[in-house]
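Notes follow the structure.
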């Protein structure tokens, strides 16, 4: 009997092969006439930065996230903003963009209204076609924020969940370019973030939903501005009580049932973000939740929808002074290349962003000071974030999107930041000479991926009352890359929780396919490796550098795949064996 994955797998392979011809790897997403990037170099001692970014102007028309602040209601939902998703919704090999629309508070009717959001199909030649209405994608049922993308029904097509003030919105990809609106879960609390992951290792994706605070029309107090006590401004999070999060089990037939464990049901915190990843190396998926001025939570997966909360014991609940901070965005990476996954969290103004170095066995050390994160602080309010190798030098840099929520703060608009990784030890504020990173903005969400397939990580930034920004990475490449797409069979199809180790010579790098992360956004699914020039042949300008290396893939099912690689600067599609006697199938895309 043919496995159920075979038909969609063949479809994806064909689509990817066709899509590869749509744009050559050396074609820029942003033309030189569109973006003017300064040649001035930033430096860190003797280190010269090679990181450059340029914005593609007017790439996503009508992608504004509207918060309704012009109505002077000062509702708390106006402060959190929204995000976007980078997905290949139509399986043509190109990344498309989905943006949230936000909403507005109607004080007369006492309702929170939503705006539609949009879908932008990438059609090549630096063009994106708005096609949300044609795809039957409309998020206006309520005031909303996060766009969470995953293949929850294992049919090879990416589906969507959108969090919001009084409900979750579900959209099932029908495979014909359109989405079907569903409502399999009656989650009526104000949800801010969510993550798909396989909680019980039954090969389908369950859902963790983060809830925020008990703001309502009846609980909307008048709060003074910190800049001018005679003017009204948004209340702070401590003026509201938190709400409990929820876990939903995927029954495999398109339906879900709530399975919130007792350890979670008793916790009512102001949650903003969630990351689902294997943090202890036992091949099941753990959870890390960022909370607003309350301790962050780390749940170890004990199986059968049971977890143990280890945040304080693991060292990731607070800062090094034991104080809970206003945490928003989350990212996972290995900043010091020690083969252990570290955690990164963005925090509120006057709080340092938190870097937690993994010591192994669910133990972390607060490394913000040691990694010199404090020297990069600009008293910003951090939101969307990512750890990724921006210039292919072999270590992971940090992207942070900033923006204050207080309307009358003198620092309401704040510039985004790149924290460049120096020798896998410390970080410096970089790319200040790239115009996009010089411009103060009201940033919220961040989604990253190689949009133009040139081997460099690009990004989409969601902004309050402004179009989402499509920003191309124009950095001078310091090495080669390897892009890896995974398809699970015995594991969940999205391969969430899979750990990949790339080894070349005596050097190894690790990456993990995670659920959730960043803020209110979904990153592209491919795992991205940067390999510095010192780890490959000296003729590094050759498009497909020859190399001898190994990829080890540890699937959540317990299987391990070993693949020998002989070239870089390519994309790979790897399919998990269906049974232990099989071997992984893989395909190169140049």
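In the working numbering, the protein residues as written are 219 to 808. Ideal placement from N, C-alpha and C gives every residue a C-beta, glycine not left out. Here the structure is a predicted model, which is why all the values come from computation and not from measurement.
- Note on residue 657: under 16 other CB atoms within 10 angstroms of its CB, so exposed under the neighbour-count rule.
- Distance from the CA of residue 509 to the CA of residue 784, rounded to the nearest whole angstrom, comes to 44 Å.
- Shown here, residue 308 sits in coil according to DSSP, grouped into three states, outside any helix or strand.
- Taking a contact to require three or more Cβ pairs closer than 8 Å, the segment 362–377 and the segment 439–458 do not qualify as touching.
- Residue burial is scored here from C-beta neighbours: residue 690 has at least 16 other C-beta atoms within 10 angstroms and is therefore classed as buried.
- Residue pairing by DSSP leaves residue 530 without any beta bridge partner.
- Residue 481 sits in a helix when the DSSP states are folded into three classes.
- In the displayed model, residue 592 falls within a helix according to three-state DSSP.
- Per the DSSP secondary-structure output, residue 388 pairs in a beta bridge with 379, 400.
- For residue 517, the uninterrupted beta strand (DSSP E) run begins and ends at 515–521, by DSSP.
- The bridge partners DSSP lists for residue 659 are 632.
- Rounded to whole angstroms, the Cβ separation of residue 739 and residue 365 is 7 Å, and the two are in contact under 8 Å.
- The C-alpha of residue 527 is placed about 4 Å away from the C-alpha of residue 517.
- Using a Cβ distance threshold of 8 Å, residue 455 and residue 511 count as a contacting pair.
- Judged by DSSP secondary structure, residue 348 falls within the beta strand (DSSP E) whose first and last residues are 345–348.
- DSSP places residue 642 outside both helix and strand once states are collapsed to three, so it counts as coil.
- Here residue 333 carries a coil assignment [DSSP, helix/strand/coil].
- Here residue 704 is not near residue 720, since their CB atoms are 8 Å or more apart.
- The way I'd put it, the segment 631–651 does touch the segment 587–594; three or more beta-carbon pairs between them come closer than 8 Å.
- Shown here for residue 622: same chain residues with a beta carbon closer than 7 Å to its own, the five before and five after excluded, namely 567, 599, 629, 630, 632 in chain order.
- Taking the Cβ atoms as the reference, residue 602 lies roughly 32 Å from residue 779, outside the contact range of under 8 Å.
- The continuous stretches of alpha helix (DSSP H) do not include residue 456, and DSSP gives it neither H nor E.
- Look at residue 297 here: in three-state DSSP terms it is helix.
- Contact fails between the segment 494–505 and the segment 445–454, because fewer than three Cβ pairs, one in each stretch, are under 8 Å apart.
- DSSP, read as helix, strand or coil, puts residue 696 in coil.
- For residue 770, the uninterrupted beta strand (DSSP E) segment begins and ends at 764–772.
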